[in-house]
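Data block below; observations after.
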Amino acid sequence: MLKFLKLFRQLILNCDAFPTDHCSGFTAVSHSDKAIIMSFRGTQGFLQLVTESSEALFANKTAFITGGQVSEYFFNGFNDVWIKGMKDDIVTLKNKYPDYDLWATGHSLGGAMASLAAATIVKSGILPGSKVYLYTFGQPRTGDKTFAQAHDALGMTQYRVTHHKDLVAHIPPEGFEGYWHHEAEVWYQNSMKVGDSFVECDNNDESSDCSDSELFTLSIKDHLHYFERDVSGYGEDGCVGSFKVLKNKLAPAIKTKIVV
Numbered sequence: 001m002l003k004f005l006k007l008f009r010q011l012i013l014n015c016d017a018f019p020t021d022h023c024s025g026f027t028a029v030s031h032s033d034k035a036i037i038m039s040f041r042g043t044q045g046f047l048q049l050v051t052e053s054s055e056a057l058f059a060n061k062t063a064f065i066t067g068g069q070v071s072e073y074f075f076n077g078f079n080d081v082w083i084k085g086m087k088d089d090i091v092t093l094k095n096k097y098p099d100y101d102l103w104a105t106g107h108s109l110g111g112a113m114a115s116l117a118a119a120t121i122v123k124s125g126i127l128p129g130s131k132v133y134l135y136t137f138g139q140p141r142t143g144d145k146t147f148a149q150a151h152d153a154l155g156m157t158q159y160r161v162t163h164h165k166d167l168v169a170h171i172p173p174e175g176f177e178g179y180w181h182h183e184a185e186v187w188y189q190n191s192m193k194v195g196d197s198f199v200e201c202d203n204n205d206e207s208s209d210c211s212d213s214e215l216f217t218l219s220i221k222d223h224l225h226y227f228e229r230d231v232s233g234y235g236e237d238g239c240v241g242s243f244k245v246l247k248n249k250l251a252p253a254i255k256t257k258i259v260v
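Residues 1 to 260 (UniProt numbering) are what the sequence shown spells out, left to right.
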């Protein structure tokens with residue numbers, strides 16, 4: 001474990017949303033950054049379902065605390081981790097470190113879960129939006145347009161980082177059953193090396209200037225590779241060891257706090 005980061009608790013659950021897989025998330029504290037960290041893991045089973053049939057994931061929606069509706073599949077996954085420990089952990093850490101910000105993150109399915117968690121924390125009054133920083137990677141569309149607009153209005157700092165032709169960032173297709181991305185996309189058309197250029201699409205949930213401009217040659221490979229890392233291998237090897245390295249790659253670029 002690196003000195004700058006102290007793991008508080010990791011939750012690995014046999015959750016109802018993914019009967020052949022696990023839901024997982026962890027909380028941690030970075031005293032050097034004065035930040036509480038909340039991270040959700042994607043699952044192999046999610047990618048298998050995406051490639052087989054996105055309709056099975058997105059046909060059923062449920063009302064969400066912010067307003068609008070979200071994928072029932074994503075909500076159930078988030079809610080299992082939330083009510084079985086993560087909510088208590090966040091409240092405990094917030095009370096222990098009241099001047100710390102909250103950083104929320106996740107890749108793929110984990111990005112959708114992090115989005116729901118951050119929105120829940122702000123909407124329920126656990127923390128104000130001004131203290132919440134949400135950064136997701138390869139996040140699928142998570143809810144409908146009403147949800148996206150309500151999410152935008154919470155006052156969080158929020159970015160959805162996408163890698164070139166990442167397929168999952170376009171699942172389900174825009175407008176399918178009303179699905180819509182929330183703000184704000186940071187799109188890399190390259191291998192995401194240090195110093196690589198990117199396009200930032202602020203104040204526009206679904207901008208044709210970012211990854212929506214390339215919809216005909218989408219790629220699972222780009223979904224699995226972010227910042228020159230094989231995301232699956234990175235997680236299996238223990239992502240905490242390289243946590244600060246990836247944070248520092250992106251932070252100077254958009255001049256704000258980034259957590260991977």
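We put the beta carbon where it would ideally sit given N, CA and C, even for glycine.
Judged by their CB atoms, M38 and A119 are not nearer to each other than the 8 Å cut-off.
Nearest C-alpha to G45 among S32, E228, H170 and D21: D21.
Listed in chain order, the beta strand (DSSP E) runs fully inside the stretch 88 to 172 are 101 to 107, 132 to 137 and 157 to 163, counting runs of at least 3 residues.
Linking W103 to A59 through their CA atoms gives a straight-line distance of about 30 Å. Pairwise C-beta distances place the stretch 121 to 128 out of contact with the stretch 181 to 194, as fewer than three of them are shorter than 8 Å. The way I'd put it, the stretch 136 to 152 doesn't touch the stretch 77 to 93; fewer than three beta-carbon pairs between them come closer than 8 Å. The C-beta distance from T162 to F74 rounds to 18 Å, too long to fall under 8 Å, and the pair is not in contact.
Around the beta carbon of S71, a 10 Å sphere encloses 16 or more other beta carbons of the protein chains shown; the residue is thus reported as buried. The Cβ atoms of V122 and L154 sit closer than 8 Å to each other.
If you ignore the 5 residues before and after V29, its C-beta comes within less than 8 Å of the C-beta of L5, K6, F8, A35, I36, I37, L93, Y97 and Y100, all in its own chain and listed in chain order. The alpha-carbon separation between N14 and C23 amounts to approximately 7 Å. Ranked by how close their Cα comes to the Cα of I12, the residues I65, G77 and E200 have G77 in first place. Taking the C-beta atoms as reference points, H181 is found no nearer than 8 Å to E214. Taken atom to atom, the span from the alpha-carbon of G178 to that of I90 is near 31 Å.
Counting along the chain, G77 sits inside the alpha helix (DSSP H) bounded by residues E72 to V81.
When secondary structure is reduced to three states using DSSP, S30 falls in the strand class.
The three-state secondary structure of I220, taken from DSSP, is helix. E228 sits close to S191, with the two beta carbons spaced by under 8 Å.
Judged by DSSP secondary structure, I36 falls within the beta strand (DSSP E) whose first and last residues are A35 to F40. In the DSSP assignment, Q189 falls outside any beta strand (DSSP E) and carries neither an H nor an E.
Excluding five sequence positions before and after C210, the CB atoms of its chain that fall closer than 6 Å to its own CB belong to E185, W187, V199 and C201, given in chain order. By DSSP's assignment, H225 forms a beta bridge with D230.
Straight-line spacing of the CA atoms in D152 and L49 works out to 28 Å. With 16 or more other Cβ atoms from the protein chains shown falling within 10 Å of its own Cβ, T157 counts as buried. Per DSSP, K6 is one residue of the beta strand (DSSP E) stretching across K6 to L13. Judged by their CB atoms, T66 and F147 are nearer to each other than the 8 Å cut-off. Out of L218, R41, Y159 and V132, the CA that lies nearest to the CA of P173 is found in L218.
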